[in-house]
Every structure is written in C-alpha cells, then in structure tokens.
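Colleague:
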Amino acid sequence: MSFILSLALLGMGATCLLDPQGARGYLIDIFTAPLLSVALAASFVLIQLRQRASALISLLAAGLLGVGFWPQINPPQPPTDTKATPVRLIFANLYVKNETPQRLLDWVRTENPDVVAIVEAGPLAEATLAAKLRQTYPHMARRYDTFVFSRYPLTRPRARPIGYSLLTVEVAAPAGAFHLAVAHLTRPWPFSAPGDQPRQLERLSADLRDEQPERTVLVGDFNTTPSASGLMDFSRSLGLLPAPAAVGTWPAVLPAPLRIGIDNAFAGQALSLRNRKAGPYYGSDHRPIRVDIYPAG
1 MSFILSLALL GMGATCLLDP QGARGYLIDI FTAPLLSVAL AASFVLIQLR QRASALISLL
61 AAGLLGVGFW PQINPPQPPT DTKATPVRLI FANLYVKNET PQRLLDWVRT ENPDVVAIVE
121 AGPLAEATLA AKLRQTYPHM ARRYDTFVFS RYPLTRPRAR PIGYSLLTVE VAAPAGAFHL
181 AVAHLTRPWP FSAPGDQPRQ LERLSADLRD EQPERTVLVG DFNTTPSASG LMDFSRSLGL
241 LPAPAAVGTW PAVLPAPLRI GIDNAFAGQA LSLRNRKAGP YYGSDHRPIR VDIYPAG
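Mapping of the sequence shown onto the UniProt record's numbering: position 287 corresponds to residue 287, and the numbering continues sequentially without gaps.
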C-alpha cells in the first residue's frame with residue numbers, strides 16, 4: 001500500500017511539474033502545495049518505517065512537487081523603491097454565508113491598511129463590516145458584492161456586469177497613482193463547466209490589457225493558484241508578477257501546509273509587491289491576504 005501511495009505521489013508530482021494545459025488538465029496542479037506537504041510527511045514516516053524504496057519514491061515526488069511549487073514561492077520581482085511610501089492593501093473573500101464577517105475588523109485594525117478590497121459581501125457584511133469600514137476610509141467604490149475602501153481618492157470606478165466579477169478603480173497613492181482591479185473568478189472543472197474559468201481568464205486579460213497593465217495591481221479570488229498553468233499563462237501574457245504565496249488561503253480552517261493559494265495579488269512591471277501575508281480565520285472559508293505595494297526602483 002505504501003508503495004502504491006508513493007507511486008501515486010510521484011505521478012502527481014510529475015503532472016504538476018509538466019504544468020498541464022487545458023481546463024481538465026491543470027486541476028491537479030492547483031493542489032501542488034498540499035500534495036507537497038503530504039509527500040514530505042509520507043517520506044518522513046516511510047523513512048522511520050525503513051521502507052526505503054517507498055521513501056525514496058516519495059522523496060522524489062516531493063522534489064518534483066517542490067520544483068512545481070517554486071514559481072509560487074519565489075516569483076521574480078522588479079527592484080523596489082524602498083524610499084517611497086508603500087500602499088498597504090488587504091484583500092478578503094468574506095464568503096457570503098459567513099455569520100461573523102465583522103471579525104475581519106480586528107485584523108484590519110492590526111495591519112492598518114490603506115486600501116481594503118472585499119468580495120462576497122452579503123447583507124450581513126454590508127451592515128456590519130462595510131459600515132465600520134466606511135467610518136475609517138473616506139473613499140469607496142462598489143460593484144454588487146465587491147467593495148474597495150481607501151484612504152486615498154478613488155477615481156474612474158468601472159464594473160464589468162456581464163460574464164464575471166471585476167471592479168477596477170484608480171487609486172491616487174502618494175508615490176503615484178495605480179490601477180486597482182478586484183476580481184472573483186469561477187471555480188475550475190469539475191466544479192463548473194470545463195471552459196468557464198479559462199473563458200473568464202481570457203476576458204480578464206482582454207479587460208486589463210486596455211488599463212495600463214504595467215501600473216496595475218490585480219487582487220482577487222481566482223480559484224486557482226499562481227503556479228497552475230491557467231493563471232500562470234494569464235499573468236505572463238500581461239506581464240503581471242505575483243506576490244510570493246508560500247502560505248495558502250483556502251480552506252481557511254486547515255493548517256497552512258494544507259491550504260492552497262487561490263487568493264492572490266499581482267502587479268505590473270512598474271510596481272513591486274512585498275510582505276504578502278495570510279491573515280487569521282474569521283469565519284470565511286478563505287483567509288485574507290495583505291501586501292505592500294511599492295513603485296519599482
């Protein structure tokens with residue numbers, strides 16, 4: 001049984017490393033992080049049990065998974081102008097059925113962000129969390145259940161009401177204005193039709209291509225990871241670079257090694273993302289994330 005498990009992990013590691021294309025092909029690639037944790041745990045147990053062949057195969061699987069996961073852990077970033085004033089941003093998928101969305105306020109107060117972007121803000125979140133954020137942040141933009149709150153002026157709010165969820169807005173930050181896009185994509189196959197998520201990524205790419213992608217910060221719940229082929233191809237096509245995402249965000253109740261990083265931040269070549277951090281559990285099935293946005297040096 002242990003030998004079969006090790007072979008299965010090796011097969012999945014090879015699949016993730018090959019970075020399969022197509023809606024049906026890259027689903028397994030989304031789960032690289034938890035598979036890596038399982039492979040490492042299996043290797044440790046098998047070494048203790050002196051099952052050398054199975055342990056060796058599991059270690060090889062862990063190596064392949066690690067190589068596949070590396071672009072998400074350590075993506076390239078342009079030089080950072082650390083003398084400039086950064087913009088701290090928090091993004092959170094509140095989960096529409098979350099009964100305690102206001103608990104996110106504790107982390108917001110701790111991190112003291114300049115911009116807060118949220119999706120899946122249901123009636124309860126609007127009456128509690130959003131109402132409190134309005135008292136702190138003087139500027140707000142909204143598209144249905146997507147909100148952006150900011151210390152800095154927001155201009156040119158634009159929503160895409162058909163096909164998928166996207167709100168874009170200009171943020172007049174002290175170190176220079178940038179274009180903020182907040183997206184929420186559908187789940188991958190088999191949780192939706194095979195072509196749904198790829199079509200939304202194509203639509204998102206077309207929408208952002210007209211919005212100065214080099215000065216764009218894109219945050220959202222993408223329901224896929226930066227190291228999976230769908231999101232990787234999308235970001236490369238626009239020249240967007242992801243913030244390092246070693247710690248995942250979903251499912252929120254699981255420990256960090258078993259969560260997958262589907263809530264992410266990307267920036268164009270004129271900007272640099274630093275200090276990404278996954279936040280605490282507050283009732284949503286997603287952990288929030290925090291990033292600091294700097295001009296590129």
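Don't be surprised by glycine CBs; every beta carbon is placed ideally from N, CA and C.
Predicted, not measured: the structure shown is a model, and the values here were computed from it.
How is the alpha helix (DSSP H) around Arg52 delimited, first residue to last?
Modeller: Here residue 52 corresponds to residue number 52 of the sequence shown, with the count starting at 1. Arg52 -> alpha helix (DSSP H) spans Arg52 to Ile73.
Colleague: Kindly list the residues whose CB is nearer than 7 Å to the CB of Thr249, restricted to its own chain and excluding five residues on each side of it in sequence; keep chain order.
Modeller: Your numbering for residue 249 matches position 249 in the sequence shown. Correct list, in chain order: Arg259, Gly261, Ile262, Asp263, Ala278, His286, Arg287 and Ile289.
Colleague: Nearest to Thr32 by alpha carbon, out of Tyr282, Ile57, Ser6 and Gly66?
Modeller: In the sequence shown, counting from the first residue as 1, residue 32 sits at position 32. Closest option to Thr32, Cα to Cα, is Gly66.
Colleague: Could you compute how far the alpha carbon of Pro198 sits from the alpha carbon of Gly230?
Modeller: For the purposes of this step, residue 198 is taken as residue 198 along the sequence shown, with counting starting at 1. For the purposes of this step, residue 230 is taken as residue 230 along the sequence shown, with counting starting at 1. Using only the alpha carbons, I get a separation of about 7 Å.
Colleague: Determine the direct distance from the alpha carbon of Val217 to that of Ser165, and round the result to whole angstroms.
Modeller: Mapped onto the sequence shown, residue 165 falls at position 165. Mapped onto the sequence shown, residue 217 falls at position 217. Each residue's Cα considered, the two are about 16 Å apart.
Colleague: Is Ala23 helix, strand or coil when you go by DSSP?
Modeller: Locating residue 23 in the sequence shown gives position 23, where the first residue counts as 1. Residue placement at Ala23 is flagged as unreliable, the pLDDT there being 48, under the threshold of 50; the coordinate-derived value follows with that caveat. Reduced to three states, the DSSP call for Ala23 is coil.
Colleague: Which residue from Ser284, Gly220 and Ala256 puts its Cα closest to that of Ala267?
Modeller: As a working mapping, residue 267 is identified with position 267 in the sequence shown. Checking every option, the nearest Cα to that of Ala267 belongs to Gly220.
Colleague: So Gly239 packs on Asn98, CB below 8 Å; how close in whole Å?
Modeller: Counted from its first residue, the sequence shown places residue 239 at position 239. Counted from its first residue, the sequence shown places residue 98 at position 98. Gly239 to Asn98, Cβ: 35 Å. No contact.
Colleague: What does a CB cutoff of less than 6 Å around Ala243 pick up in its chain, not counting 5 residues either side in sequence?
Modeller: Position 243 of the sequence shown holds residue 243. Once the five neighbours on either side are set aside, the close Cβ partners of Ala243 are Ala265, Leu273, Arg276 and Val291.
Colleague: Using a threshold of 7 Å, is the CB atom of Val119 nearer than that to any non-hydrogen atom of the ligand SAH?
Modeller: Judged by which ligands are present, the structure shown has none, so any question about the ligand SAH falls away.
Colleague: Answer yes if the segment 127-145 comes into contact with the segment 95-110, meaning at least three C-beta pairs across the two stretches below 8 Å, and no otherwise.
Modeller: yes
Colleague: Name the DSSP beta bridge partners of Met140, please?
Modeller: To locate residue 140, count along the sequence shown from 1; it is residue 140. Note: Met140 sits in a beta bridge opposite Phe149.
Colleague: Can you list, in chain order, the residues of its chain with a C-beta nearer than 6 Å to that of Glu214? Leave out the 5 residues immediately preceding and following it.
Modeller: Within the sequence shown, residue 214 is the residue found at index 214, counting from 1. For Glu214, where only same-chain residues beyond five positions count, the Cβ hits under 6 Å are Gly268, Gln269 and Ala270.
Colleague: Across the segment 203-210 and the segment 2-13, are there enough close Cβ pairs to call them in contact, namely three or more that are closer than 8 Å?
Modeller: no
Colleague: Could you pull the start and end residues of the alpha helix (DSSP H) that Arg199 belongs to?
Modeller: Stepping through the sequence shown from its first residue, residue 199 is reached at position 199. That run of the alpha helix (DSSP H) goes Asp196 to Arg209.
Colleague: May I ask you to report which of helix, strand or coil DSSP gives Pro188?
Modeller: Translated into positions along the sequence shown, residue 188 becomes position 188. Three-state DSSP puts Pro188 in coil, outside helix and strand.
Colleague: DSSP puts Glu170 in a beta bridge; with which residues?
Modeller: Along the sequence shown, read from residue 1 onward, the residue named residue 170 stands at position 170. Its beta-bridge partners are Thr155 and His179.
Colleague: In chain order, what residues of the same chain lie with their CB nearer than 6 Å to the CB of Ala246, ignoring the 5 residues before and after it?
Modeller: Sequence index remark: in the sequence shown, residue 246 carries index 246 (1-based). Correct list, in chain order: Ile73.
Colleague: On the three-state DSSP scale, how would you describe Pro123?
Modeller: Residue numbering aside, residue 123 sits at position 123 when the sequence shown is read from its first letter. If DSSP states are grouped into helix, strand and coil, Pro123 belongs with the helices.
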